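Residue numbers (the numbering used here), protein chains in the order written: chain A, 3 to 668; chain B, 3 to 668.
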């Protein structure tokens, strides 16, 4: 099962990463992070980064068989340690930006040293005053013809670059997004490489004000920073020139053959990665919750051992659908990457037909997976009861770190419009009998809009007259229901926008539901495709089939108003809808029996869980006590000094302030 | 408006508390807490506690007019500072327990010194292995007749007392809940006062293992602790004797005139306090979010200033209902306390008729207010976008601190049964024409079950044939809809439990919805009563009326399946249901115009907000930068040393590892 859900490559990289981590516990052990101040955490991350860089560059024989750490293994190491270092952005954003937008000369100047960590870079786009609306970014880059330079300037407080990762303490260079002005003309927003700290002693260069933006809910090992540039000059060469050039005498030119849609493709890739990553993170949450609620016992029959908490319906109801969705999320992401690869191949051949749907789908899946992941982990925490609130549950620092997935790369609420506008445009075109590209989304819309009544209703509304059991037993009927629900909501919004002139702002509330219904259909469609790659007699199929049904039923029953409001010919009866809710509970109970092996198959190592409650060996309470004894207030050597100070300075004065003679008899 | 919503006494205490806080910023300023380690935070809290105790005991002339700090002002000080000190549990639990369950002699021995802080106490009930199911607590107290003592013992690791506030570093005494054994007989769970630390030097007494349980998501200024007792002996006197006595020769007796329902009354009071407090906390969240989204501008018409974020529908849709619910939560809690007082008066006269409904209502309101408060604050954070993720938003440490309100005093999911079982029992009795006590809940059930068809349908289903506008214009119709929805759900569950034999475990999922629907009716009922205390020509009425409608519509439209599934004669049409959703949006837009004055009227001081984003003066960005510059990594004196260390040890080795000559030209 682990190979089916995780894939072979992922497992191999994870195993190599674990070898590295386990070989040097002094460097890589994360048990103590819950006691660390922010500064201590950053130092811990820097120690690890230094060691990883040594392993990368010197190929130390730490991995016996293979003797080499690849970039993928490096990523896997940080994924297991579950945090971020101040060197991360140079890898994840600075280098890729130069790769994509730099000339060969620029690559030689900036890319090669960055790859060897001779310079450290960041990507400075967001400003204090502007995040979503990058067109209003205030930082300027003005061409100074006399000296053949650009002058970069932060004209206001709100133009201060803000949130920029790896900037606060680490970067020597920033890739600054600035409004380009040449000869008094505004050209647009472009990236320029700006040295910000001395290569000799790392002190800020003249005109540069730079620092860390301070503590955040999570992500505290990352030195998100601020940067204000007071008329800082850089050579003309430093403007990344693949999409724009400014000549010595100030002539601006852009290459003719650049298709702006290529940047869409990058965004699709980034969002696909968020979706896949959220599946891995939710796997961590459900592993902790399922294991703990299997070990934890509370109440039960008199004279019997108490009942495992996971045997209670209300606990199953909250956890098991999340376990199913973890499988659905990871499973569908394999299919999504396959689709993405196909579209990249097409783009490389000059065809862009898949891109629009991929973009719409990627926005929807990013919303769904980050909402489900973040609040799924929250549910896992809540279901662990009081102990979920302890840092030793492993669920708190973790929740805090994954929270920004809902906000970055397009805030989820804003992103819904990206999906919905594609959906209503497609529905409108189909309704107008215009040509649309054929894909999963337009096929779904065409089929259920059924404008020329090409399909007889009984073939379309496959649930008609069926018992809830029969509906749920057939996965294709569940997919049909998810389709019709989405198409019905898309249709209603299309009418409002195209025929009643409703504004996009007024449509933003229903857009959320439309995007969600579409994504839920796509999740189930992709997940079922992944399952269907298994041989039909695979022993994995029955349980995966159940996880599919639970996921689909969770979607269909989360707001039954969406089912009740289907148009009459397609309507579900009240009995059918109630029946779907009963079937949902029924399948949850069935899956509960296999919950523990299912989380084990997800293969999340104890090192990543970093949790007393989720330990593979089930020694919850022993580990919990061991960790508590290590709390600085208790720890031998430090704790007694702190306690003595607190006692002498603050507690004793209270106890003795009216004389302690009374107390002696107590 | 502030007097109407907060009440005069609250405002007076708050103003006195602010005087104390503002007079000594060195002690009470909270701006720097976001940079503190846990140990530093606890020390900061202890410094404050020491000062507050001095002010309490010496009546220093710090408050000009009144020259006295009362216990209420003390509570208000900590409510503004928004955290908890290691002395808190001695006030909130240790003292009240002795007051309620101690004899006069015991009060002299324990209560008087506790009130003067000559001893510090905690309440040790929860164990590592048992929180919800206190009947299975493992700690024992065995009567030793030879020495006239009790021997207190923790037989297992899981019996270790855990989560006990004020225990980790502060308490000298613990009120330990233990299974009492006398002459081999198990008597039950009772509280015993156990000295745990030396009154001379505060070191743990013989047989006592005690410490702090380590870091948590929030609440980190509280020293939640663990306690293991290895056959520790205490005098027989230390068993709190109001409800049980053990004589010198081991005869157990209980007073005859104790009504166990009195403890219910205490629980009602505690839950009522949680509900009221959550309203105050949500007020803080919406104040920050409304102010920031009014100042923050993003996108807009070309050539115009950008649009305040709060002008976007999707932002209003998330924030304005929370603003309305803040008013509803605080408003309804005034009514709830009034009801509670009435019931206490009745109890003092030996009548217990109100208690059952009060208990059911208090459980439901605790669930609703803590869920709405915690996730409401989360919504406030999310709506602030990226900057919501900064600690300087004021919303993160805050969210973490209020999170356990969903878990303590009965986990919300378990608590729903308390409400639901009262509701289905009442519905069953009414259906069987048995006598039930008359109260808001049974009146609602009787009216809408309408078993003898005493009321003609058109009088009952007051929305029949009405336009959505007409339905919403009449608050009593909205209350009727909320009633019928609740009664319909109660009825369905009653049939399943009483006629189809469905178990309570299988009923636990629908119980959540039943309890929620009932609470939502009660919230609106109590809120409307509070509004109706205003003169009919009060200028406050129109906007309060709108806040009422928004609250009611938010409840009715959150899952429209509950409306669609109403029985036929009562059914709403699809047009009516869609219309309610449109009316909801319409009223949100109207309330948006008064959002800023409405949060100002809530009167949350900047000291409590502790937020760059929520400042009363709107200087968001200036304050944000000032706070960032104070981050330890930046701060003059400390930051340069940390950065130099990081650079020399971890960054420079990377930059220079292959020689730095290449870099010099960059």
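The beta carbon of each residue, even a glycine, is placed where N, CA and C say it ideally should be. Keep in mind it's a predicted model, so treat the numbers as computed, not measured.
Tell me the residue span of the alpha helix (DSSP H) that contains residue i.
i, result
"residue 647 of chain B", "641-648"
"residue 427 of chain A", "414-433"
"residue 619 of chain A", "Element bounds for residue 619 of chain A: n/a, residue is neither H nor E."
"residue 518 of chain B", "510-533"
"residue 83 of chain B", "73-83"
"residue 445 of chain A", "442-451"
Can you tell me which of the three DSSP states residue i falls into?
i, result
"residue 540 of chain A", "coil"
"residue 637 of chain B", "coil"
"residue 11 of chain A", "helix"
"residue 92 of chain B", "helix"
"residue 287 of chain A", "helix"
"residue 249 of chain A", "coil"
"residue 41 of chain A", "helix"
"residue 298 of chain B", "coil"
"residue 163 of chain B", "strand"
"residue 176 of chain B", "strand"
Does residue i pass the burial test, meaning 16 or more other C-beta atoms within 10 Å, or should it be called exposed?
i, result
"residue 136 of chain A", "exposed"
"residue 295 of chain B", "buried"
"residue 440 of chain B", "exposed"
"residue 340 of chain A", "exposed"
"residue 24 of chain A", "exposed"
Name the chain B residues that come within less than 7 Å of residue i, Cβ to Cβ?
i, result
"residue 634 of chain A", "41"
"residue 645 of chain A", "171"
Within 8 Å (strictly less), CB to CB, does residue i reach chain B?
i, result
"residue 463 of chain A", "no"
"residue 664 of chain A", "Interpretation of residue 664 of chain A is limited by its pLDDT of 45, a score under 50 that renders its predicted location unreliable; no figure is taken from the coordinates."
"residue 125 of chain A", "no"
"residue 491 of chain A", "no"
"residue 64 of chain A", "At residue 64 of chain A the pLDDT is 49, less than 50, meaning the model places this residue with poor confidence and gives no usable figure here."
"residue 37 of chain A", "yes"
"residue 198 of chain A", "no"
"residue 48 of chain A", "yes"
Report the neighbours of residue i on chain B: residues whose CB is nearer than 9 Å to its CB, in chain order.
i, result
"residue 370 of chain A", "Chain B residues near residue 370 of chain A: none, gap ~16 Å exceeds 9 Å."
"residue 576 of chain A", "566, 567"
"residue 551 of chain A", "Going along chain B, no residue has its Cβ under 9 Å from residue 551 of chain A, so there is no contact; the nearest lies around 17 Å."
With residue i as the anchor, note down where its beta strand (DSSP E) starts and where it stops.
i, result
"residue 586 of chain A", "Not the beta strand (DSSP E): residue 586 of chain A falls in the alpha helix (DSSP H), residues 576-594."
"residue 324 of chain A", "Per DSSP, residue 324 of chain A belongs to no beta strand (DSSP E); it is in the alpha helix (DSSP H), 315-350."
"residue 192 of chain B", "187-197"
So that I know if they touch, is there some Cβ in chain A lying closer than 8 Å to that of residue i?
i, result
"residue 487 of chain B", "no"
"residue 384 of chain B", "yes"
"residue 294 of chain B", "no"
"residue 168 of chain B", "no"
Mind listing the chain A neighbours of residue i? Cutoff is C-beta to C-beta under 8 Å, in chain order.
i, result
"residue 218 of chain B", "391, 392, 393, 398"
"residue 511 of chain B", "315, 316, 319, 587"
"residue 84 of chain B", "Near residue 84 of chain B there are no residues of chain A at all, since even the closest Cβ is about 16 Å away, more than 8 Å."
"residue 235 of chain B", "The contacting residues do not exist; residue 235 of chain B stays about 15 Å from chain A at best."
"residue 674 of chain B", "In this structure chain B extends from 3 to 668, so residue 674 of chain B is not present and cannot be described."
"residue 626 of chain B", "130"
"residue 134 of chain B", "300, 301, 387"
Cβ closer than 9 Å: which chain A residues qualify as neighbours of residue i?
i, result
"residue 279 of chain B", "None at all; the shortest Cβ gap to chain A is about 18 Å."
Closer than 8 Å by beta-carbon distance: list the chain B residues that pair up with residue i, in chain order.
i, result
"residue 631 of chain A", "213"
"residue 408 of chain A", "384"
Along chain A, which residues have their Cβ under 7 Å away from the Cβ of residue i?
i, result
"residue 80 of chain B", "Going along chain A, no residue has its Cβ under 7 Å from residue 80 of chain B, so there is no contact; the nearest lies around 16 Å."
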